[in-house]
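Undergrad:
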Amino acid sequence: MFDIGMIEMFMIVLLAVIVVGPKDLPALLRNIGRFISKIRAMGQEFQTSIKQMADEVELEEVTRKLNEAGNIPLDANDTAPDIKPEEEQDKKDPV
Numbered sequence: 001m002f003d004i005g006m007i008e009m010f011m012i013v014l015l016a017v018i019v020v021g022p023k024d025l026p027a028l029l030r031n032i033g034r035f036i037s038k039i040r041a042m043g044q045e046f047q048t049s050i051k052q053m054a055d056e057v058e059l060e061e062v063t064r065k066l067n068e069a070g071n072i073p074l075d076a077n078d079t080a081p082d083i084k085p086e087e088e089q090d091k092k093d094p095v
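This is the structure in structure tokens:
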């Protein structure tokens, strides 16, 4: 992820011990761990909310398409009465 080698990691730890001190280092590491945990939780929450918004948009699009498709049979039913008299006429006068 960060491409940090062993030497770089050792230098970071040594610098932290010098700056913070060995007494306060465990508390600092715990606080850093909590901070990283909160950042990860916020990232997960953000991803979840984006996915929910995408699902809602997709659902609205599908609903719109179904409503458009639902209008098609109404037009087909309007033409059906025109066909019935012709069928009855064909039955009375076969060719």
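Residue numbering for the sequence shown follows the working numbering, beginning at 1 and increasing consecutively. Note that the Cβ used here is the ideal one computed from N, Cα and C, for glycine as well.
(1) Measuring straight from C-alpha to C-alpha, what distance separates Ser37 and Thr63?
(2) Would you kindly work out how many angstroms separate the C-alpha atoms of Arg30 and Ile7, rounded to a whole number?
(3) Rounded to a whole number of angstroms, what is the C-alpha to C-alpha distance between Phe10 and Asp55?
(4) Going by the CB atoms, is the gap between Val20 and Leu28 shorter than 9 Å?
(5) According to DSSP, is Glu55 part of a helix, a strand, or is it coil?
(6) What are the boundary residues of the alpha helix (DSSP H) that Ile4 is part of?
TA: The answer reads as follows:
(1) 39 Å
(2) 23 Å
(3) 46 Å
(4) yes
(5) According to the sequence as given, residue 55 is Asp; it is not Glu. Asp55 falls in the helix class under three-state DSSP.
(6) Where Ile4 is concerned, there is no enclosing alpha helix (DSSP H), given that its DSSP letter is neither H nor E.
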